[in-house]
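Numbering (my numbering), first residue to last: 782 to 1107. These notes are about the structure you will find just below.
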Ligand code: ATP
């Protein structure tokens, strides 16, 4: 029998579509196990300020399909200090919270790991970030939706650009990871995908674009992750234009559109699974771990590995995208 009777759930860091589905799954699973569940508003900031709200089954009705997070999110500087975390701990104690479910990215997990070393309240993490850059899960919540949003935007760009001699540089999110760019590039037939994990020289990119020009391609597309080694889409467009001006080049930055919108079916299922297993994991005695899905099976990874180990895009996918782009 677990001693856990009251759980708190919160979302932290950048929001991602599907976080609401995870909150709903946490609340409904906790309720099924006769636990009391509290939502903390605005992540660690709310924990510090004592902003707790009792959640029941009805509070999470009709949210599964909504983007954003009903619990709001925040970046909280004071939680980075021992004094701030002590106040947060006192607030958890004052509300009789026995365990926490943290939904967020690696910063959120870092905070949770430090906290659960200092205090005796177990934490379990759910990876919610559109970047998909968390070790210990094949996919993070929000990634699939963000890719679908980027693909839809690129499809629209393609419709207008197809009749001109145009080269479009489309920038997608990913300061440190190229997962969104790679999947968007493959799905939209990009001539090249520029991601932080691989170094592509400008001359090689131009060589690739020239192949398209040679076969009289009217429209070419380069998908650029914002953290690409040669700079973002605007920088790249300039660098390419200096050496190769066959095309009229344009830049589109999709930006925050990628964070919003209704979660895809895949994200809804993923978030539901992760929320469900986070609660059952806590009841099973799990602590200081993040829940993930690897090869379609639930896996728990210690926070320290989820934070420190790097997940990189599949090399086969990168090679395939280069070959198909020719
Ligand atoms: P995203 O991947 O979308 O940026 P994230 O969870 O990585 O999400 P961060 O802003 O990096 O977002 O972290 C969220 C919060 O976690 C921070 O605002 C801070 O309160 C807490 N946090 C991050 N790093 C630490 C740390 N080293 N010590 C204590 N708390 C931390």
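Idealized CB from N, CA, C, for every residue including glycine.
For residue i, is the beta carbon positioned less than 7 Å from some heavy atom of the ligand ATP?
i: residue 886; result: yes
i: residue 878; result: no
i: residue 794; result: yes
i: residue 892; result: yes
i: residue 895; result: yes
i: residue 860; result: yes
i: residue 857; result: yes
i: residue 985; result: no
i: residue 819; result: no
i: residue 926; result: no
i: residue 912; result: yes
i: residue 1093; result: no
i: residue 825; result: yes
So, for residue i: in the same chain, excluding its five sequence neighbours on each side, which residues have a beta-carbon less than 7 Å away from its beta-carbon?
i: residue 993; result: 972 and 1001
i: residue 1018; result: 950, 1030 and 1032
i: residue 1083; result: 1069 and 1070
i: residue 932; result: 965, 968 and 969
i: residue 1099; result: 963 and 979
Output the boundary residues of the beta strand (DSSP E) element that contains residue i.
i: residue 792; result: 787 to 792
i: residue 821; result: 817 to 821
i: residue 1073; result: 1070 to 1075
i: residue 1034; result: 1029 to 1034
i: residue 882; result: 880 to 885
i: residue 802; result: First-last for residue 802: 800 to 813, but that is the alpha helix (DSSP H), not the beta strand (DSSP E).
i: residue 797; result: Per DSSP, residue 797 belongs to no beta strand (DSSP E) and is neither H nor E.
Let me know the secondary structure DSSP gives residue i once reduced to three states.
i: residue 1097; result: helix
i: residue 938; result: helix
i: residue 837; result: coil
i: residue 954; result: coil
i: residue 1064; result: helix
i: residue 892; result: helix
i: residue 921; result: coil
i: residue 1080; result: strand
i: residue 947; result: strand
i: residue 855; result: coil
i: residue 827; result: helix
i: residue 915; result: coil
i: residue 1002; result: strand
i: residue 1046; result: helix
In whole angstroms, what separates the C-alpha of residue i from that of residue j?
i: residue 879; j: residue 897; result: 12 Å
i: residue 782; j: residue 841; result: 27 Å
i: residue 1053; j: residue 828; result: 24 Å
i: residue 1033; j: residue 825; result: 35 Å
i: residue 846; j: residue 1026; result: 45 Å
i: residue 1011; j: residue 951; result: 14 Å
i: residue 874; j: residue 906; result: 20 Å
i: residue 869; j: residue 830; result: 7 Å
i: residue 818; j: residue 1062; result: 15 Å
i: residue 851; j: residue 801; result: 6 Å
i: residue 883; j: residue 941; result: 42 Å
i: residue 902; j: residue 787; result: 11 Å
i: residue 822; j: residue 975; result: 37 Å
i: residue 779; j: residue 804; result: Absent from the structure is residue 779, since the part of the chain shown begins at 782 and ends at 1107.
i: residue 892; j: residue 958; result: 21 Å
i: residue 1036; j: residue 938; result: 15 Å
i: residue 930; j: residue 796; result: 15 Å
i: residue 955; j: residue 791; result: 24 Å
i: residue 1072; j: residue 1106; result: 36 Å
i: residue 1102; j: residue 963; result: 8 Å
i: residue 816; j: residue 810; result: 9 Å
i: residue 1092; j: residue 912; result: 11 Å
i: residue 1009; j: residue 833; result: 40 Å
i: residue 1077; j: residue 789; result: 27 Å
Can you find a CB in chain B that lies within less than 8 Å of the CB of residue i?
i: residue 873; result: Reference to chain B is not applicable here, since this structure consists of a single protein chain.
If I measure Cβ to Cβ from residue i and keep anything under 6 Å in the same chain, skipping five residues before and after, which residues do I get?
i: residue 986; result: 973
What does a CB cutoff of less than 8 Å around residue i pick up in its chain, not counting 5 residues either side in sequence?
i: residue 1029; result: 945, 946, 947 and 948
i: residue 1074; result: 918, 919, 920, 1051, 1054, 1055 and 1080
i: residue 895; result: 866
Can you name the start and end residues of the alpha helix (DSSP H) that residue i belongs to?
i: residue 973; result: It is not in any alpha helix (DSSP H) - residue 973 instead sits in the beta strand (DSSP E) that spans 973 to 975.
i: residue 900; result: Careful: residue 900 lies outside any alpha helix (DSSP H) and carries neither H nor E.
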